[in-house]
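Chemist:
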Amino acid sequence: MSARKTISIDVSTCFGKNLIKTTEFSKAGKAALKVESRIKNEVDAGRLGFWKLPFEMRLSARLKPIVEAAEAARANRDTLVIVGIGGSSLGTRMMVNALKHRYYNELPGLERGGMKIYFLENSDPDSFKELTDRLDLSHTLFNIVSKSGSTVETAAQYALVRELLMRRLPDTWKKHLLFTTDPEEGSLRKMAEEEGIAALEVPSDVGGRFSMLSAVGLFPALCLGLNVKDLLSGAADMAGRCTSGGLFKNPALTLAVIHHMADTSFNKNMAVIFPYADKLQGWAEWFCQLWAESLGKALDEKGNPAGCGTTPIKALGAIDQHSQMQLYIEGPNDKLFVFVRNEKFNDPAKFPPRTKLPAAYDYLAGHSMSELIQAEEAASRFALTKTGRMSYEIRLPGISEYTLGQLLFLGEAMTAYAGYLYGVNPFDQPGVELGKKYAYGLMGRKGYESYAAEMKKTAAADAKFII
Ligand code: PA5
2 MSARKTISID VSTCFGKNLI KTTEFSKAGK AALKVESRIK NEVDAGRLGF
52 WKLPFEMRLS ARLKPIVEAA EAARANRDTL VIVGIGGSSL GTRMMVNALK
102 HRYYNELPGL ERGGMKIYFL ENSDPDSFKE LTDRLDLSHT LFNIVSKSGS
152 TVETAAQYAL VRELLMRRLP DTWKKHLLFT TDPEEGSLRK MAEEEGIAAL
202 EVPSDVGGRF SMLSAVGLFP ALCLGLNVKD LLSGAADMAG RCTSGGLFKN
252 PALTLAVIHH MADTSFNKNM AVIFPYADKL QGWAEWFCQL WAESLGKALD
302 EKGNPAGCGT TPIKALGAID QHSQMQLYIE GPNDKLFVFV RNEKFNDPAK
352 FPPRTKLPAA YDYLAGHSMS ELIQAEEAAS RFALTKTGRM SYEIRLPGIS
402 EYTLGQLLFL GEAMTAYAGY LYGVNPFDQP GVELGKKYAY GLMGRKGYES
452 YAAEMKKTAA ADAKFII
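Right under this line is the structure:
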């Protein structure tokens, strides 16, 4: 385990001329305290499902079935395929990206230290075929992850996987499947029970995008040989920091208030999520989904129009300096920038001494690649500040299970706080559900005929606009 270091956050570049005034921030702090005590009450009453996970999943009774399933998987198979989408896959992808070698699947078995891992997420038939054609099915376990059990993309992948397994491995096909789904509800749970397929649980009070620290992420983590105790401890320690203290002490509350003020007082309705480390690209993707799906809401908790949410934009330093930065520095000042800095790369990659460098590049001598990427992050943030842009920086003292646990819980907690600041329910996603209904209609699912009919009618009227 890398030392149990705590992540820190520098919000100094949110304050100043044309940015937030500390007096305004303190005023906002009063409303924020109400939200903080609301969260604390819900946590104490055990009503926030995701908040319980880092604590409860460390209990052996909760972890045991997941450990046993992972041990069986590792003993009998060498490849794991995660079949799921959105909150059911992005957390696991974030974890593999952060904690495993970039070319993990290509490493020889011993060096890899765990099962190979692939993902079937999109309903894209080419991706499906290109992966399944290459798998040795007899050594593969398909983990079908769906809280609801009804998501059409996952249902579609499962239908094809099931048929493939039945055809190629008629006697053992069920042993190549593991469902992760609601403990009681939904089609997958029903199928698990009726067909005798092994299944793990996503607790009923935890929604997809908040479920990373349940069997959804912990089962693959164990199959890959990751240290889930450290992951959970990191999350639990961050949870401890995020329940009290008010502004400048409680990191999730402080960041939520910054995002909320940036939007409501400074018209910054976009947030650029900008990690400077390839290993944190998956975190940016995961966080963007969490933020967007939780906060983009038409109605507030009382049913009044809210129309709120800020648009998260994925970026990656230093690559996007050569793609987006011109716009960020000189374009409209309508974004809040969230830098994530890795203070300790696994290998700093030192540059050769001056004598071995071409004269034009000799300024690199005595430095390292890690210093370069850190300097680029600091320079970009400084340049953005100089041009009046608002930003803050999350600092990671290295990337490990413990620090990732902190980072992911920080993301979840600040999203929950932001939801309550906007007065919306951050745990539902009615808009996504609406899109699902139209898709079911188009695919001829019983009960959804009116949705298909409505689309057909609109399509006929729109025909004249097709060029
Ligand atoms: O966060 C969410 O609720 C969504 O992103 C879901 O995870 C996604 O729609 C997949 O749903 P399910 O896990 O029910 O298949």
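If you count the sequence shown from 1, you need to add 1 to reach our numbering. Beta carbons: idealized from backbone N, C-alpha and C, even for Gly.
1) Report the option in THR312, GLU377 and LYS298 whose CA atom is closest to the CA atom of PRO306.
2) Using only CA atoms, which one of VAL203, THR311, ASN251 and ARG5 lies nearest to PRO66?
3) Within 10 angstroms of its Cβ, does LEU443 collect 16 or more other Cβ (buried), or is it exposed?
4) Could you compute how far the alpha carbon of SER215 sits from the alpha carbon of ASP463?
5) When the Cβ atoms of the segment 76 to 95 are set against those of the segment 282 to 291, are three or more pairs found closer than 8 Å?
6) Going by DSSP, which residues form a beta bridge with THR265?
7) For PHE180, tell me which candidate among LYS336, GLY218, MET116 and ARG169 has the shortest Cα-Cα distance.
8) Taking 7 Å as the line, does the beta carbon of ILE314 fall inside it for any heavy atom of the ligand PA5?
9) Got a sec? Which residues, its chain only, sit under 8 Å from THR24 by beta carbon, not counting five neighbours each side?
10) Would you check if the segment 408 to 422 and the segment 242 to 255 touch, i.e. whether three or more CB-CB distances between them fall below 8 Å?
11) Return yes when at least one heavy atom of the ligand PA5 lies under 7 Å from the C-beta of GLY448, else no.
12) Take the Cβ of TYR362 as the centre, count every other Cβ of all protein chains shown within 10 Å, and call the residue buried at 16 or more, exposed below.
13) Taking the runs of the beta strand (DSSP E) that are 3 residues or longer, which of them lie wholly in the segment 322 to 375?
14) Contact defined as beta carbons within less than 8 Å: I believe THR152 pairs with ILE86. What is the distance between those atoms, to the nearest angstrom?
15) What did DSSP end up calling LYS191 once you bin it into helix, strand or coil?
16) From what residue to what residue does the beta strand (DSSP E) around PHE120 run?
17) Hey, is LYS476 close to the ligand PA5, as in C-beta under 7 Å from one of its heavy atoms?
18) Would you say the beta carbon of VAL229 comes nearer than 7 Å to a heavy atom of the ligand PA5?
19) Does the count of Cβ pairs from the segment 336 to 350 and the segment 381 to 392 closer than 8 Å reach three?
20) Check whether the Cβ atoms of SER234 and GLY406 lie closer than 8 Å to each other.
21) Let's test the definition: count the other Cβ atoms within 10 Å of the Cβ of SER38 and tell me whether it reaches 16, buried, or not, exposed.
22) Would DSSP call SER3 helix, strand or coil?
23) Measure the alpha-carbon distance for LYS387 versus LEU328 and round it to whole angstroms.
24) Within 10 Å of its beta-carbon, does HIS323 have 16 or more other beta-carbons around it, so buried, or fewer, so exposed?
Modeler: Answer, in terms of the structure:
1) LYS298
2) VAL203
3) exposed
4) 45 Å
5) yes
6) DSSP, once it has assigned bridges, lists no residue as partnering THR265.
7) Nearest of LYS336, GLY218, MET116 and ARG169 to PHE180, Cα basis: GLY218.
8) No, Cβ of ILE314 sits at least 7 Å from all heavy atoms of the ligand PA5.
9) none
10) Yes, the segment 242 to 255 is in contact with the segment 408 to 422.
11) no
12) exposed
13) Runs of the beta strand (DSSP E) lying entirely within the segment 322 to 375, each at least 3 residues long, are 336 to 343 in chain order.
14) 6 Å
15) helix
16) 117 to 121
17) No answer is possible for residue 476: the residues shown for the chain start at 2 and end at 468.
18) no
19) yes
20) yes
21) Label assigned to SER38: exposed.
22) Caution applies to SER3, whose pLDDT of 46 falls short of 50 and renders its modelled position unreliable; the model cannot decide the point.
23) 15 Å
24) exposed
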